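Beneath this line is the structure, given in structure tokens, with notes to follow.
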Amino acid sequence: MATAKEEVTYRVLDKKNFVGFMHPKTKKFITANENNEFVVSEDDKEAIEILERAADTFKV
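Oh and the sequence shown: position 58 is 64 in my numbering, straight run, nothing missing.
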């Protein structure tokens, strides 16, 4: 039986314009959704590290 992958959500602070970043492994541009949130797999350590270090985002 397969289990659903867990996701981690980071939100952009109000009045900030952090819209995305280049993923270091896939070289894809990762953008915030319509709610100014980044939803990434908890297995994606590279993306989580970038979002943790970003001054304009916080973990929900």
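Where is the CB? At the ideal position from N, CA and C, for every residue including glycine. Keep in mind it's a predicted model, so treat the numbers as computed, not measured.
- Taking C-beta atoms as the reference points, N42 and V18 count as a pair closer than 8 Å.
- In this structure, V14 sits near V46, with a CB-CB distance shorter than 8 Å.
- Out of K22, D20, A60 and T37, the CA that lies nearest to the CA of M28 is found in T37.
- For F64, the number of other beta carbons within 10 angstroms of its own is below 16, and it is reported as exposed.
- The beta-carbon distance between E12 and E48, rounded to whole angstroms, is 4 Å. This is short enough to meet the 8 Å contact definition.
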